[in-house]
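Single-structure report; data block below.
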Amino acid sequence: MSTVLAPTLSPVPWLARVLGGVLIVLGFVLLAAGGWLASVGGSWHYALSGLAWLVVGALMWGRLRGAVYGYAAYFVATLVWSLWEAGLDWWPLGARMGVPFVIGLVLLLLVPTMRRHLPVDDPRRVALRSPPATVLALGLGAFVVVALLSWSRDAQAVEGRMPPAPGAPATSAPMVPVAASSTIPGGSAAAPVPDGEWHAYGRTGHGQRYSPLRQITAANVGELQVAWEFHTGDRRGQPGDPKETTFEVTPLKVGERLFLCTPHQKAMALDATTGRELWRYDPRIRGGLALQHLTCRGLSYQAPPTDPVDTAPAASSRTSAAADAAAPAPSAPAPAFCAAKLFMPTADGRLIALDPATGKTCPRFGRDGVVDLWAGMPNLKPGAYYSTSPPVVTRRLVIVGGTVLDNASIKEQSGVIRAYDVETGQLVWNWDSANPEETAPLPAGRTYTANSPNSWSIASVDEALGLVYLPMGNQPPDQWGGKRSPAVERHSSAVVALDLATGRVRWVFQTVHHDLWDYDVPAQPTLVDLTVRGQRVPALVQPTKQGELFVLDRRDGKPVFPVTETPAPQGAAAGDHTAATQPVSAISFNPPELTERDMWGVTMFDQLWCRIAFHRLRYEGRFTPPSTQGSIINPGNFGVFNWGGIAVDPVRGIAFTTPAVLAFTSQLVPRHDDTSQLVQDEGPPRGALPALNENFGAPFAARMRPFTSPLGIPCQAPPWGTVAGVDLNAGQVIWRHRNGTVRDLSPVPLPLRLGVPSLGGPLLTAGGVAFLSGSMDDYVRAYDVDDGRPLWESRLPAGGQATPMTYLGADGRQYLLVVAGGHGSTGTRPGDTVRAYALGKR
13 MSTVLAPTLS
23 PVPWLARVLG
33 GVLIVLGFVL
43 LAAGGWLASV
53 GGSWHYALSG
63 LAWLVVGALM
73 WGRLRGAVYG
83 YAAYFVATLV
93 WSLWEAGLDW
103 WPLGARMGVP
113 FVIGLVLLLL
123 VPTMRRHLPV
133 DDPRRVALRS
143 PPATVLALGL
153 GAFVVVALLS
163 WSRDAQAVEG
173 RMPPAPGAPA
183 TSAPMVPVAA
193 SSTIPGGSAA
203 APVPDGEWHA
213 YGRTGHGQRY
223 SPLRQITAAN
233 VGELQVAWEF
243 HTGDRRGQPG
253 DPKETTFEVT
263 PLKVGERLFL
273 CTPHQKAMAL
283 DATTGRELWR
293 YDPRIRGGLA
303 LQHLTCRGLS
313 YQAPPTDPVD
323 TAPAASSRTS
333 AAADAAAPAP
343 SAPAPAFCAA
353 KLFMPTADGR
363 LIALDPATGK
373 TCPRFGRDGV
383 VDLWAGMPNL
393 KPGAYYSTSP
403 PVVTRRLVIV
413 GGTVLDNASI
423 KEQSGVIRAY
433 DVETGQLVWN
443 WDSANPEETA
453 PLPAGRTYTA
463 NSPNSWSIAS
473 VDEALGLVYL
483 PMGNQPPDQW
493 GGKRSPAVER
503 HSSAVVALDL
513 ATGRVRWVFQ
523 TVHHDLWDYD
533 VPAQPTLVDL
543 TVRGQRVPAL
553 VQPTKQGELF
563 VLDRRDGKPV
573 FPVTETPAPQ
583 GAAAGDHTAA
593 TQPVSAISFN
603 PPELTERDMW
613 GVTMFDQLWC
623 RIAFHRLRYE
633 GRFTPPSTQG
643 SIINPGNFGV
653 FNWGGIAVDP
663 VRGIAFTTPA
673 VLAFTSQLVP
683 RHDDTSQLVQ
693 DEGPPRGALP
703 ALNENFGAPF
713 AARMRPFTSP
723 LGIPCQAPPW
733 GTVAGVDLNA
743 GQVIWRHRNG
753 TVRDLSPVPL
763 PLRLGVPSLG
773 GPLLTAGGVA
783 FLSGSMDDYV
793 RAYDVDDGRP
803 LWESRLPAGG
813 QATPMTYLGA
823 DGRQYLLVVA
833 GGHGSTGTRP
843 GDTVRAYALG
853 KR
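With the sequence shown counted from 1, adding 12 to any position gets you my numbering.
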């Protein structure tokens, strides 16, 4: 009997076996990790994907037609699921579909190769003809169409256009519609700043970061070119430098000079038109400091007196001045007092007064130009108390706050605010937030309250109202508040208005109740007169880390736009409590509550890791309390807004803002003693540098990190940084766009416009242009204020994490000044550059 033998099948082409093996391995990984995700209440998609890859991988070893059909079915199902989760938002969509698309494309390209490697009479060769390949190609093509549609629009953008500017001419200081307070020293408002100058951190004491110059416009900003560049010679990386050694200064422009300071507090003057150095002062900061930050955000300027009463030193120094006049004149006499002054706080706890003309200290201020800020301080530890921000200067006073170490221990210094006579350096009043009623100068032998809330950022002042406005921080430890006093509770994470004459509290507005999230008020309050519902209101706009723009009447602290007390998650750590509600402003950049589908990654694999982490951590929305389990804090303590603040056009009543969105994790680690270092993941600190977040003396240490995947990429989908325009008169966000690229953040320098955070404030001009240099991709950019369109950009030699400014040079040109020195904690490139841009000479 004869038999008919079936044709012998040839071995599967080796490329198919390799791809099948890869799919089997990855399938096991997806099945295991996806099963874990499903077991904690997450999506089943990844486990089912793993199962599908195992099946397709196995089919690749023999049944190639079935493998192609099977993968096509999986790909289409994944595309449908991805659209259901992410919609037409490209970056979330691309993270879900990227790996499946690449594998599908490889499989599609392999089909002709596999057919060529099979004998003519092999039935699999026939089976691999057009139908399977066509089905897979159609699935891949559908994704390409969806991708093109998603690229045509930004699903996260808010489109709009600012209301037209009023016909009235621009002015940098609108009149406040209230009578001048009789309580202020001197009895009148500060002198106006010339249009072409910049006399304070925010240009004026109102902190608007607005210039009335209009030479640079949306039409010609593209013609800006480098006019000059100066290098200070001061870079981070010196012995004893903390990680957060940063070049954050906003220079001043007075007359024809620029005044600035470097991270190591070297002050200098430059010619504003040429950038030539005129003088330099080195305060010789002592070594061995327990520093957390090392920076100098700016100097403060006191203009020469303009009225007869002020042409002599203050009364408290006249006796001394008269005695000096009667004494024999030395061979090289020092001036009796400096008519104008620059004030600079230092990292070792001094406040120094300099003569703007010479850079020498002013001998009548304090002791040879220096006031010791450690006077009256408890818990002496050099470097643990200092001021990174420029003080407030009025006609009679220089008012200085300071920073204490965050979460090092419960035995830190005081957050006291002190006002000194601007001529003599004599203490006039002090306000300690834990002992707010005693504002008379502290008697000898006593100390201020240890561990009281401080004001580390920039304050604002309204001399016509006689008020100084303080953005307040928190009492350490930030994440556990079981032993805070009633006074501490009232003034923590709040805006506090103090009377200039006495230091007494006039009003308090708290932005967070019982703060457990390091949501201290980080930004300078911006003072601006607004027209709200037909009424002119002297307002204060306060940006916060949690994303609110609180608009308050700066006379009494009452909200101009509604503030709603919203229920907050409960369940604090042992010995602590949480506030029942938290305030939310009508103008808010509070990010939407995170869900699992918001988790992101470059690939589906790190996205899967983030989804598992999301379910393992505690998260109940904004204000989820820190926990021993670990909690997601969104936004994190980097803040939606930080010390850079916002820029406000006082003529139009509009704001240019830079909201960021980055979640952090916060885990409480129980302490069993007051010495063990529990959260120093990079090892003990070097030298005198402090062990941060250990909270020695508290029940818990705190481990705080950005919420990122193992690749170091944020677990939440981009954009992480935006620019936004706000109509403050109407209380509305008009437009919002992602800002910046990952060129300097990713291993491969691709200029992908995901939208990156900024650290450093914006600048607004009357020419209708805003500038920002703080984005994490080392560019300075110009934007159209009306709709947020980017108009111009220039590559910087280092990170530009400072607030730019603008001024008029002696040659009649408007200059844009940018500082590029990098930021230690953000990892941007270090440098020492001061760069001026201008339009070409005509």
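Beta carbons are placed, not taken as given, at the ideal position from N, Cα and C, and that holds for glycine.
Since the model is a prediction, treat every value here as computed from it, not as a measurement.
### Message
Given this structure, state the Cα-to-Cα distance separating L290 from I725, to the nearest angstrom.
### Response
As a first step, residue 290 must be located in the sequence shown, where it is residue number 278. As a first step, residue 725 must be located in the sequence shown, where it is residue number 713. Taking the straight line joining both Cα atoms gives about 45 Å.
### Those residues which DSSP pairs with M716 across a bridge
For this step, residue 716 is matched to residue 704 along the sequence shown. Note: M716 sits in a beta bridge opposite S678.
#### Entry: Burial state of A84 (16 or more Cβ within 10 Å)
Indexing the sequence shown from 1 puts residue 84 at position 72. Buried, because 16 or more other Cβ atoms sit within 10 Å of the Cβ of A84.
### Message
Runs of 3 residues minimum, wholly inside the region 820–848: which ones carry the beta strand (DSSP E) assignment?
### Response
DSSP assignment within the region 820–848 yields the following whole beta strand (DSSP E) runs of 3 residues or more, N-terminal first: 826–832.
### Task
Tell me whether K853 sits in a helix, a strand or coil according to DSSP, three-state version.
Position 841 of the sequence shown holds residue 853. In the structure shown, the three-state DSSP call for K853 is coil.
### Task
Would you list, in sequence order, the uninterrupted beta strand (DSSP E) runs of no fewer than 3 residues that lie entirely inside the region 224–259?
237–243
### Task
Could you tell me whether the Cβ of L363 comes closer than 7 Å to any Cβ of chain C?
In the structure shown, chain C does not exist; there is a single protein chain.
### Query
Can you name, in chain order, every residue of its own chain whose Cβ lies under 6 Å from the Cβ of T216, other than the five neighbours on each side?
By one-based count along the sequence shown, residue 216 stands at place 204. Answer for T216: V205, listed in chain order.
### Query
Between G82 and G62, is the Cβ-Cβ spacing less than 7 Å?
Counting from 1 along the sequence shown, the entry for residue 82 is found at position 70. Counting from 1 along the sequence shown, the entry for residue 62 is found at position 50. By the CB criterion at 7 Å, G82 and G62 fall outside the cutoff.
#### Entry: P842 burial status per 10 Å Cβ neighbour count (16 or more: buried)
Here residue 842 corresponds to residue number 830 of the sequence shown, with the count starting at 1. If you draw a 10 Å sphere on the C-beta of P842, you find 16 or more other C-beta atoms in it, and that means buried.
### Query
For Y222 versus L620, is the C-beta distance shorter than 7 Å?
Within the sequence shown, residue 222 is the residue found at index 210, counting from 1. Within the sequence shown, residue 620 is the residue found at index 608, counting from 1. No, the pair does not count as a contact, with Cβ atoms beyond the cut-off.
### Query
Which of the three DSSP states, helix, strand or coil, is assigned to G198?
By 1-based counting over the sequence shown, the position of residue 198 is 186. Reliability fails at G198, whose pLDDT of 30 lies under 50, so the model's placement of it is uncertain and no value is given.
### Message
Short of 7 Å in beta carbon distance, which residues of its chain neighbour L674, apart from the five on each side in sequence? Order them along the chain.
### Response
Translated into the one-based positions of the sequence shown, residue 674 becomes position 662. So the list reads P647, G648, F650, P718, P726, W732 and P769, once near-sequence residues are dropped.
### Query
Measuring CA to CA, which of T838, L539 and R801 is closest to G811?
Numbered from its first residue, the sequence shown carries residue 811 at position 799. When each option's Cα is compared against that of G811, the closest is T838.
### Query
Would you say Y791 and A782 are within 7 Å of each other, going by their C-beta atoms?
Within the sequence shown, the letter at position 779 stands for residue 791. Within the sequence shown, the letter at position 770 stands for residue 782. Cβ distance not < 7 Å, so Y791 and A782 don't count as in contact.
### Query
Does the count of Cβ pairs from the region 818–834 and the region 257–273 closer than 8 Å reach three?
yes
#### Entry: Per-residue burial, S164 [other beta carbons within 10 Å of its own, 16 or more giving buried]
Along the sequence shown, one-based indexing puts residue 164 at 152. With fewer than 16 other Cβ atoms from the protein chains shown falling within 10 Å of its own Cβ, S164 counts as exposed.
### Task
Identify which residue in A700, F617, V383 and D610 has its Cα closest to the Cα of L723.
Your numbering for residue 723 matches position 711 in the sequence shown. Ranking A700, F617, V383 and D610 by Cα distance to L723 puts F617 first.
### Own chain, CB closer than 7 Å to V67, minus 5 neighbours either side, in chain order
Taking the first residue of the sequence shown as 1, we reach residue 67 at position 55. Close CB contacts of V67 within its chain, under the 7 Å cut and outside five residues either way in sequence, are with G82 (chain order).
#### Entry: Start-to-end residues for the beta strand (DSSP E) that takes in Y880
Nothing can be reported for residue 880: it is not among the residues displayed for the chain, which extend from 13 to 854.
### Message
Just to confirm the assignment: which complete alpha helix (DSSP H) runs, minimum length 4, are found wholly within the region 442–508?
### Response
498–503
### Task
Confirm, please, whether the CB-CB distance from S472 to G110 is below 7 Å.
The count along the sequence shown starts at 1 and reaches residue 110 at position 98. The count along the sequence shown starts at 1 and reaches residue 472 at position 460. No, the Cβ-Cβ distance between G110 and S472 is not below 7 Å.
### Query
Cβ atoms of L417 and Q304: under 7 Å apart, would you say?
Taking the sequence shown and counting its residues from 1, the one referred to as residue 304 is at position 292. Taking the sequence shown and counting its residues from 1, the one referred to as residue 417 is at position 405. Contact flag set, yes.
### Query
Using the beta-carbon count (16 or more within 10 Å), is S505 buried or exposed?
By one-based count along the sequence shown, residue 505 stands at place 493. Buried is the call here.
### Query
Pick from P175, D246 and Y313: whose alpha carbon is nearest that of V410?
Locating residue 410 in the sequence shown gives position 398, counting from the first residue. That would be Y313, whose Cα lies nearest to the Cα of V410.
### Task
Classify S399 as buried or exposed, calling it buried when 16 or more other Cβ atoms lie within 10 Å of its own Cβ.
Locating residue 399 in the sequence shown gives position 387, counting from the first residue. When all chains shown are included, S399 counts as buried.
### Query
Going by Cα to Cα distance, which pick from I666, P579, W529 and A585 is closest to I645?
Here residue 645 refers to the residue found at position 633 of the sequence shown. If we check each option's Cα against that of I645, W529 comes out closest.
### A334 to G515 span [Cα, whole Å]
Taking the first residue of the sequence shown as 1, we reach residue 334 at position 322. Taking the first residue of the sequence shown as 1, we reach residue 515 at position 503. Confidence at A334 is low in this model, with a pLDDT of 29, below 50, so the placement of that residue should be treated as unreliable; the coordinate-derived value is given next. Cα to Cα, A334 sits roughly 30 Å from G515.
### Message
Please return the same chain residues whose Cβ sits closer than 7 Å to the Cβ of P697, not counting the five positions on each side in sequence.
### Response
By 1-based counting over the sequence shown, the position of residue 697 is 685. Excluding residues within five positions, the ones whose Cβ falls inside 7 Å are A703.
### Query
Which residue comes first and which comes last in the beta strand (DSSP E) that contains W872?
Residue 872 cannot be examined here, being either before or after the span of the chain that is shown, 13 to 854.
### Task
Compute the Euclidean distance between the alpha carbons of Q547 and V572, then round it to the nearest angstrom.
Within the sequence shown, residue 547 is the residue found at index 535, counting from 1. Within the sequence shown, residue 572 is the residue found at index 560, counting from 1. The alpha-carbon atoms of Q547 and V572 are separated by roughly 11 Å.
### Exposure label - D610; buried when at least 16 CB within 10 Å
To locate residue 610, count along the sequence shown from 1; it is residue 598. Its Cβ being crowded by 16 or more others within 10 Å, D610 is buried.
### Query
For the candidate residues G559, G252 and G287, whose alpha-carbon lies nearest to that of F635?
Here residue 635 corresponds to residue number 623 of the sequence shown, with the count starting at 1. Considering only alpha carbons, the answer is G559.
### Query
Since Y83 sits in a beta bridge, which residues does DSSP pair it with?
For the purposes of this step, residue 83 is taken as residue 71 along the sequence shown, with counting starting at 1. Answer is none; Y83 lacks a bridge partner.
### Task
Out of E235, D568, D246 and S464, state which residue places its alpha-carbon closest to the alpha-carbon of V831.
Residue numbering aside, residue 831 sits at position 819 when the sequence shown is read from its first letter. With distances taken between Cα atoms, V831 lies closest to D246.
### Message
Please classify E449 as buried or exposed, where buried requires at least 16 neighbouring CB atoms within 10 angstroms.
### Response
Numbered from its first residue, the sequence shown carries residue 449 at position 437. Exposed is the call here.
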